[in-house]
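Note that the UniProt record's numbering has the sequence shown beginning at 1, numbered continuously upward. Each residue gets a CB set at the ideal place from its N, CA and C atoms; glycine is no exception. One structure below.
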Amino acid sequence: MDFALTEEQTAIFDMAHAFGQDNIAPYARQWEAEGTIPKELWPQVGELGFGGLYVSEEAGGAGLTRLDATLVFEALSMACPSVAAFLSIHNMCAKMLDNFASDELKARVMPDVLSLKTVLSYCLTEPGSGSDAAALKTRAEKTNEGYTLNGTKAFISGGGYSDAYVCMVRTGEDGPKGISTVYVEDGTPGLSFGALEQKMGWKSQPTAQVQFDDCKVPAGNLVGVEGDGFKYAMMGLDGGRLNIASCSLGAAQTALNMTLQYMGERKAFGKSIDQFQALQFRLADMEIELQAARTFLRQAAWKLDNKTPDATKFCAMAKKFVTETGSKVVDQCLQLHGGYGYLADYGIEKLVRDLRVHQILEGTNEIMRVIVARHMLANR
1 MDFALTEEQT AIFDMAHAFG QDNIAPYARQ WEAEGTIPKE LWPQVGELGF GGLYVSEEAG
61 GAGLTRLDAT LVFEALSMAC PSVAAFLSIH NMCAKMLDNF ASDELKARVM PDVLSLKTVL
121 SYCLTEPGSG SDAAALKTRA EKTNEGYTLN GTKAFISGGG YSDAYVCMVR TGEDGPKGIS
181 TVYVEDGTPG LSFGALEQKM GWKSQPTAQV QFDDCKVPAG NLVGVEGDGF KYAMMGLDGG
241 RLNIASCSLG AAQTALNMTL QYMGERKAFG KSIDQFQALQ FRLADMEIEL QAARTFLRQA
301 AWKLDNKTPD ATKFCAMAKK FVTETGSKVV DQCLQLHGGY GYLADYGIEK LVRDLRVHQI
361 LEGTNEIMRV IVARHMLANR
């Protein structure tokens, strides 16, 4: 059992980290205030090969493992977890297209997807179906030319911003077997968007409802086969859960690094506050928790790469553990900054706000517990 990263993996992390520190971190607060990420950033990210991290090299992607991808998202989230998480969503969609789209559809859209000239959003959640995703109601009626879509998607990162939307829609009966996946390009007649949501965190990501009103999609934009859309959507979530956990890990590591620096400079009662043993214990606890989270996350990624029978269970466990650990650590870092941690200038309060949603999306942490318990009961 080898816990060390390879030279190639270390290089991947270092490249992503350097890019984030140079091109994202200096602007993260500005983008948050503006409520958007400049579109010009994405082709630069695409030049690194990050537009198709786990799309096969034969198809023009980077061909990285899921473990490799966690390194990218951990490194980028050290600059801004909101930007890193948005890239994770794009990559989840890109992998779905690579795995299941027809050759014709892939030939048409994948070059721009991989270069990030086309930014993708993932549309599963609806106003009335969150954790119960298979209850979605957005309807796709078959026509001679393809499909006519009617319905609404909610909480969509990139709603009104992205260039195309990978959408789970109902083409058949109630339940998961009646769901299909379609690719809807921006500008399609009948596609519109709600007002931008005012959120606690992830403020640089435009988030809005995606609305379909007799939205006509050609038959060639069906991804895979009818009735398998829910399966495709769920297959993407194991990796998505690892990615969002990686974003919590990287952001929490940045918060801890900033706190170590601050505590060496802040004086109280005649000495720097890093000399108080009670506060040293808090630093030690955070280091222990982050190292445990990192090891657990990478073990789960290894299992997903190796397709072990318990990979889904481990992805759920890691998502729950790492996102909760990340939020706990950034909250403690804010506390150790005292009143300064509450100010936007120090950057800690942004991380507290950004990381809170990681316990909700890609499957709530309550659903992660359900998945773990089901696996335990099935194998007793």
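Practice task
Could you say if the region 333-353 and the region 247-261 meet the contact criterion of at least three C-beta pairs nearer than 8 Å?
Solution key: The region 333-353 makes contact with the region 247-261, as at least three CB pairs between them are under 8 Å.
Practice task
Measure the CB-CB distance between T171 and K153 and report whether it falls below 9 Å.
Solution key: Going by C-beta atoms, T171 is not nearer than 9 Å to K153.
Handout entry: Complete alpha helix (DSSP H) runs within the region 34-121 (minimum length 4 residues, chain order)
Key = For the region 34-121, whole alpha helix (DSSP H) runs of length 4 or above, ordered along the chain, are 41-47, 66-77, 81-100 and 103-115.
Handout entry: N- and C-terminal bounds of the alpha helix (DSSP H) containing K203
Key = For K203, there is no enclosing alpha helix (DSSP H), as DSSP gives it neither H nor E.
Handout entry: Reduced DSSP category for L336 - H, G, I as helix; E, B as strand; rest coil
Key = If DSSP states are grouped into helix, strand and coil, L336 belongs with the helices.
Problem - Cα-Cα separation, A84 to L76 - result: Taking the straight line joining both Cα atoms gives about 6 Å.
Exercise for the section: Check M168 in the structure and name its three-state DSSP category. Expected result: In the structure shown, M168 falls within a strand segment according to DSSP collapsed to helix, strand and coil.
Practice task
Report the residue from R241, L283 and G270 whose alpha carbon sits nearest the alpha carbon of K313.
Solution key: Nearest Cα to K313 within the set R241, L283 and G270: R241.
Exercise for the section: Following the continuous alpha helix (DSSP H) through T152, name the residue where it begins and the one where it ends. Expected result: For T152, no alpha helix (DSSP H) segment is defined; the enclosing uninterrupted segment is the beta strand (DSSP E) at G146 to S157.
Handout entry: Reference R294, options Y346, I348 and T323, closest by Cα
Key = Looking at the Cα atoms, T323 is the closest of the given residues.
Problem - Candidates A284, F50, M263 and D305: closest to P111 by CA position - result: The shortest Cα separation from P111 among A284, F50, M263 and D305 belongs to F50.
Problem - Alpha-carbon spacing of F13 relative to E362, whole angstroms - result: Per the coordinates, the alpha-carbon of F13 lies some 23 Å from the alpha-carbon of E362.
Practice task
Check whether the Cβ atoms of P176 and F230 lie closer than 9 Å to each other.
Solution key: Yes; because the gap between Cβ atoms is below 9 Å, this pair is in contact.
Problem - Unbroken alpha helix (DSSP H) run spanning A255, endpoints - result: It spans G229 to E265 - the alpha helix (DSSP H) in which A255 sits, taken as one unbroken run.
Handout entry: When F193, G128, K117 and M376 are compared against H90, the one with the closest alpha-carbon
Key = Of the candidates F193, G128, K117 and M376, the residue whose Cα lies closest to the Cα of H90 is K117.
Exercise for the section: Would you identify the three-state DSSP class for P127, choosing helix, strand or coil? Expected result: Coil.
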